[in-house]
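One structure below.
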Amino acid sequence: MEALSKIDEPTMIIFTDRHAASTEFTSGYSNLYNATLALCAALKDRIAIFDPWVFTGNLQQDASAIRKEFENVNLKYGAVYYPWLSTTLNYFVDEAKVIISDVGKQRSGVPNGKTLLEVKALNMELYNRIKTELTKITIDVPPSAAVAGVIASTDKNSGVWKTLAGNKFWCVIKPTVALLSAEAAYLNVDSAEGKSINPIREFTGKGTLVWGSRTLAGNDNESRYLQIRRFFIFVEESILKAAQQFVFEPNDAGTWIKIKAMCEHFLTELWRQGAMQGAKPEQAFYVGVGLNSTMTSLDVLEGRLILEIGIAAVRPAEFIISRLQIKMASS
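See the structure below:
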């Protein structure tokens, strides 16, 4: 985690190892996941996709374990998906190490005790039959890596502001638990603590779909949706990086006008792509910067340039506000 905190490029953190199958091993995952949320909140440039680390197939039991172990802080930086996925992926077989055994047979056949590679040399027909049976053994996996793939595809083809809900998984046969509408709603909305869990569902003729796009902060009106949190991260990071060209400029009105114009041009282009609500740019966003507006005289003297960005991500003219601070090299 410490090494990861020093790298700027990641936008998502996932943990793809096979998770525990009982409640005896939750503490390690709980500690790791809460530390990850704290890291994401401190850096403000990435989110985390989590798997249900206890997976019994009992919906209420699994959901309760997840919600109980997460602390009630930094939840807008994480999302959980349920259940696991039954995939078309197969296990890799090292034919030189797989030994054939006539288990349950009264007699020992020719392949008994031989490796699959040796069987291949002795009897190609039998070898092919064994390989066919091996391909029937598919892998069940936690969903986070597949969700990350859907996010990356959506970012590329539609935009970071687009919801994941309704997108299809590939190489997936079905979810390992078939969820009904009421069960999906139970995961999506946590009436007790507001910790949303995103369901994955199978639909006839459509395949296995992402059926939720919520963060763990289900009660947060501004950050309950994953696409809104990620869109704000994208906007904030883009502006902060672009503003680095001004750090050696004087912290005065001339520089403020340039930065404001840059931000407005950037946000206008995003609005034209459909990233924000509103029929006109002024209904979709605003940019504020200036003395006695976003900064005090002390801020200016100490080289702090503070921007205020308002974005209508949900409804026109209802702005979610973000304040960005740029440290100028000189005042």
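Going by the working numbering, the sequence shown runs without a break in its numbering and finishes at 441. Note that CB positions come from ideal geometry on N, CA and C, so glycine has one too.
When burial is assigned at 16 or more other CB atoms within 10 Å of the CB, is residue i buried or exposed?
{"i": "Ile247", "result": "exposed"}
{"i": "Tyr335", "result": "buried"}
{"i": "Ile310", "result": "buried"}
{"i": "Trp271", "result": "buried"}
{"i": "Asn267", "result": "exposed"}
{"i": "Ile307", "result": "buried"}
{"i": "Ala145", "result": "exposed"}
{"i": "Ser254", "result": "buried"}
{"i": "Ser441", "result": "Caution applies to Ser441, whose pLDDT of 49 falls short of 50 and renders its modelled position unreliable; the model cannot decide the point."}
{"i": "Trp381", "result": "buried"}
{"i": "Arg425", "result": "exposed"}
{"i": "Asn168", "result": "exposed"}
{"i": "Thr314", "result": "exposed"}
{"i": "Tyr143", "result": "buried"}
{"i": "Phe358", "result": "exposed"}
{"i": "Gln435", "result": "exposed"}
{"i": "Trp280", "result": "exposed"}
{"i": "Leu147", "result": "buried"}
{"i": "Asn277", "result": "buried"}
{"i": "Met405", "result": "buried"}
{"i": "Gln355", "result": "exposed"}
{"i": "Tyr139", "result": "buried"}
{"i": "Ile117", "result": "exposed"}
Helix, strand or coil for residue i? Go by DSSP, reduced to three states.
{"i": "Glu412", "result": "coil"}
{"i": "Leu289", "result": "coil"}
{"i": "Ile247", "result": "coil"}
{"i": "Thr406", "result": "coil"}
{"i": "Val299", "result": "coil"}
{"i": "Gly400", "result": "coil"}
{"i": "Phe160", "result": "strand"}
{"i": "Val59", "result": "Limits of the chain in this structure are 111 at one end and 441 at the other, which puts residue 59 out of reach."}
{"i": "Ala385", "result": "coil"}
{"i": "Arg177", "result": "helix"}
{"i": "Ser211", "result": "coil"}
{"i": "Asn184", "result": "coil"}
{"i": "Leu195", "result": "strand"}
{"i": "Ile123", "result": "strand"}
{"i": "Ile240", "result": "helix"}
{"i": "Asn75", "result": "Because the chain here runs from 111 to 441, residue 75 falls outside it and cannot be looked at."}
{"i": "Asn308", "result": "strand"}
{"i": "Ser432", "result": "strand"}
{"i": "Lys370", "result": "helix"}
{"i": "Ser441", "result": "Residue placement at Ser441 is poorly supported in this model, since its pLDDT is 49, which falls under 50; the coordinates are not used for a value here."}
{"i": "Thr225", "result": "strand"}
{"i": "Lys390", "result": "coil"}
{"i": "Gly420", "result": "strand"}
Since residue i contacts residue j with CB under 8 Å, what's their CB separation in whole angstroms?
{"i": "Val397", "j": "Glu379", "result": "No, Val397 and Glu379 are not in contact; Cβ-Cβ is about 14 Å, not under 8 Å."}
{"i": "Met386", "j": "Ala422", "result": "5 Å"}
{"i": "Ala294", "j": "Trp321", "result": "6 Å"}
{"i": "Thr325", "j": "Leu185", "result": "6 Å"}
{"i": "Ile430", "j": "Glu332", "result": "5 Å"}
{"i": "Ser348", "j": "Phe376", "result": "7 Å"}
{"i": "Ser323", "j": "Leu274", "result": "4 Å"}
{"i": "Phe165", "j": "Asp172", "result": "6 Å"}
{"i": "Thr197", "j": "Ile249", "result": "5 Å"}
{"i": "Ser432", "j": "Phe342", "result": "6 Å"}
{"i": "Asn361", "j": "Val299", "result": "Going by Cβ atoms, the distance from Asn361 to Val299 rounds to 46 Å, so no, they are not a contact pair."}
{"i": "Val251", "j": "Leu195", "result": "6 Å"}
Hey, would you say the C-beta of residue i is under 6 Å away from at least one heavy atom of the ligand ZN?
{"i": "Val164", "result": "The ligand ZN is absent from the structure shown, which contains no ligand whatsoever."}
Hey, is residue i's beta-carbon within less than 7 Å of any beta-carbon in chain D?
{"i": "Ser333", "result": "In the displayed structure, chain D is absent; only one protein chain is listed."}
- In chain order, which continuous runs of the alpha helix (DSSP H) of length 4 or greater are located wholly inside the region 312 to 364? Counting only runs of 4 or more residues that sit fully inside the region 312 to 364, the alpha helix (DSSP H) segments are 336 to 352, in chain order.
- Does the region 234 to 251 come close enough to the region 174 to 191 to have 3 or more Cβ pairs within less than 8 Å? Contact between the region 234 to 251 and the region 174 to 191 is absent: fewer than 3 CB-CB pairs across the two stretches fall below 8 Å.
- Contact between the region 388 to 396 and the region 418 to 435: three or more CB pairs below 8 Å? With the cut-off at 8 Å, the region 388 to 396 and the region 418 to 435 touch.
- Message: With three or more C-beta pairs closer than 8 Å as the rule, is the region 154 to 162 touching the region 118 to 125?
- Response: A contact exists between the region 118 to 125 and the region 154 to 162.
- Is it true that the region 286 to 295 meets the region 223 to 230, where meeting means three or more beta-carbon pairs spaced less than 8 Å apart? The region 286 to 295 is not in contact with the region 223 to 230.
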